[in-house]
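Colleague: Residue numbers (mature numbering (1 follows the signal peptide of the UniProt record, and there is no 0)): -25 to -1, 1 to 166.
Quick reminder that beta carbons are idealized off the backbone N, C-alpha and C, glycines included.
Mind having a look at this structure? Questions to follow.
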């Protein structure tokens, strides 16, 4: 116990003599004043939200001539792979055709298998809910796959989708499809 007190006392003496030496000026020991306006105030973490409009969209709509259509197809294929993250354009277009067919035929099980869970469902009033699995999706199918959502899908031309780093937007943002774990799936629906 006396050794500890002696060690502490010795350390205090050494510190005092070091501070008193000419190697340190008084200015070395002071902290400069900081203006309150230059200090960042803490803020809540930013939580990503489901997109309602694409960021850096690439519209793949085609023009009137065949070279424009060819360029448009190439641009779409490139955007699907390089921007949206699909393994190939065929991966997305095959998925999209099967999804459209399943919805048109009322095949709820097939639609449920094409969802990436948890599915985020944003209501028009701003509320958000999460659909955790196929069973929950099937139980809430009619409130999720509304006529507006089904119409957006049925009228969407695969060659005129909007592609961004967040995936593919269907309609005016009613459906968002992404490549999640290298598998296409609907990850968000905006009612």
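1) For residue 141, count neighbouring Cβ atoms within 10 angstroms of its own Cβ and tell me buried if that reaches 16, exposed if not.
2) Under 8 Å between the Cβ atoms of residue 72 and residue 64?
3) What span of residues does the alpha helix (DSSP H) with residue 123 cover, start to end?
4) How close, in whole Å, do the beta carbons of residue 161 and residue 106 come, if the pair is a contact with beta carbons under 8 Å?
5) Output needed for residue 68: all residues of its chain with C-beta closer than 7 Å, excluding positions within five of it in sequence on either side, in chain order.
6) Taking 8 Å as the threshold (beta carbon to beta carbon), is residue 116 in contact with chain C?
7) Measure the beta-carbon distance from residue 146 to residue 163 and round it to whole angstroms, keeping in mind my assumption that it falls under 8 Å.
8) What would DSSP say about residue 97, mapped onto helix, strand or coil?
9) Please name the residue or residues paired with residue 90 in a DSSP beta bridge.
10) Classify residue 61 as helix, strand or coil using the three-state DSSP reduction.
11) Straight-line CA distance for residue 55 to residue 143?
Modeller: Looking at the coordinates:
1) The residue you call residue 141 lines up with position 166 of the chain shown. Classification of residue 141: buried, given that the 10 Å Cβ count is 16 or more.
2) Residue numbering aside, residue 72 sits at position 97 when the chain shown is read from its first letter. Residue numbering aside, residue 64 sits at position 89 when the chain shown is read from its first letter. Result no, Cβ atoms of residue 72 and residue 64 do not sit closer than 8 Å.
3) Position 148 of the chain shown, counting from 1, holds the residue named residue 123. Boundaries of the alpha helix (DSSP H) around residue 123: 122 to 130.
4) Within the chain shown, numbered from 1, the residue matching residue 161 stands at position 186. Within the chain shown, numbered from 1, the residue matching residue 106 stands at position 131. Contact between residue 161 and residue 106 fails: their C-beta atoms lie close to 10 Å from each other, not under 8 Å.
5) Taking the chain shown and counting its residues from 1, one reaches residue 68 at position 93. Excluding positions up to five away in sequence, the list reads 133.
6) Of the protein chains in the structure, only one exists, and it is not chain C.
7) Sequence index remark: in the chain shown, residue 146 carries index 171 (1-based). Sequence index remark: in the chain shown, residue 163 carries index 188 (1-based). With a Cβ gap of about 12 Å, residue 146 and residue 163 do not count as contacting.
8) As a first step, residue 97 must be located in the chain shown, where it is residue number 122. Note: residue 97 maps to strand in three-state DSSP.
9) Position 115 of the chain shown, counted from the start, is the residue given in the question as residue 90. Paired residue(s): 161.
10) Counted from its first residue, the chain shown places residue 61 at position 86. Residue state for residue 61 is assigned as coil, using DSSP reduced to three classes.
11) As a working mapping, residue 55 is identified with position 80 in the chain shown. As a working mapping, residue 143 is identified with position 168 in the chain shown. Counting only the Cα atoms, residue 143 lies some 8 Å from residue 55.
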